[in-house]
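Q: Mapped onto our numbering, the consecutive letters of the sequence shown carry residue numbers 551 to 674.
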Amino acid sequence: PSEKFQKYMERGIIEIAPLAYMRGRTLNNSFIILDDAQNTTLGQMKMFLTRFGFGSKVIINGDITQVDLPLKEHSGLIRVAKILKKIKGIEFIYLNDRDVVRHRLVQEIIRAYEREDLRNQERE
551 PSEKFQKYME
561 RGIIEIAPLA
571 YMRGRTLNNS
581 FIILDDAQNT
591 TLGQMKMFLT
601 RFGFGSKVII
611 NGDITQVDLP
621 LKEHSGLIRV
631 AKILKKIKGI
641 EFIYLNDRDV
651 VRHRLVQEII
661 RAYEREDLRN
671 QERE
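1. Where does V651 sit, in a helix, a strand or coil, going by DSSP?
2. Measuring straight from C-alpha to C-alpha, what distance separates A570 and G593?
3. For L584, which residues from the same chain have a beta carbon less than 6 Å from its beta carbon, with the 5 sequence-adjacent residues on both sides left out?
4. In terms of residues, what are the limits of the alpha helix (DSSP H) holding L645?
5. My assumption, with CB atoms under 8 Å, is that I640 sits in contact with L634. Please give the rounded CB distance.
6. Might you give, ordered along the chain, the residues of its own chain that have their beta carbon closer than 6 Å to the beta carbon of F642, omitting 5 neighbours on each side?
7. With DSSP run on the structure shown, which of helix, strand or coil describes I531?
8. With distances taken Cα to Cα, identify the nearest neighbour of D613 among G626, K607, F602 and R561.
9. Between which residues of its own chain and G605 is the CB-CB distance below 8 Å, once the five residues before and five after are set aside?
10. Taking I628 as part of the alpha helix (DSSP H), name the residues at either end of that continuous run.
11. Are the CB atoms of I582 and F602 within a distance shorter than 7 Å?
12. How is the alpha helix (DSSP H) around F598 delimited, first residue to last?
13. Using a 10 Å radius around the Cβ and a threshold of 16 neighbouring Cβ atoms, would you call Q671 buried or exposed?
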């Protein structure tokens, strides 16, 4: 990490904390990021979303096509998008293959998987 980042860590300006250690905390005047949230359970997501306090902003990201939980529909990220979609002040932004900034083939791979998912949905 850069020297500036390291200093911020030492001063407690930046903190990296596992989701498991968030219970019981209130984070006031903070910018909070939950990364790879596709693998949270609904309970973990609720616990996380009830941690931020006054003056805080929260960003949650994850790829709902990469859920590693036993039952994909139990992803806290997938469920929370449905539960909170009508609450003012909460926004959801969805990215697609055009947003990929990796190798050109990655876009094609994503498109191929999306086509396969559509075929499978049509069969069901």
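C-beta: ideal position from N, C-alpha, C; glycine also.
A: Taking the coordinates as given:
1. coil
2. C-alpha separation (whole angstroms): 11 Å.
3. Counting only Cβ-Cβ distances below 6 Å, and skipping sequence neighbours, we find F598 and I610.
4. Careful: L645 lies outside any alpha helix (DSSP H) and carries neither H nor E.
5. 5 Å
6. Excluding residues within five positions, the ones whose Cβ falls inside 6 Å are A631.
7. In the structure as shown, the chain begins at 551 and stops at 674. Residue 531 is therefore absent and cannot be evaluated.
8. G626
9. N578, N579 and S580
10. G626 to I633
11. yes
12. L592 to L599
13. exposed
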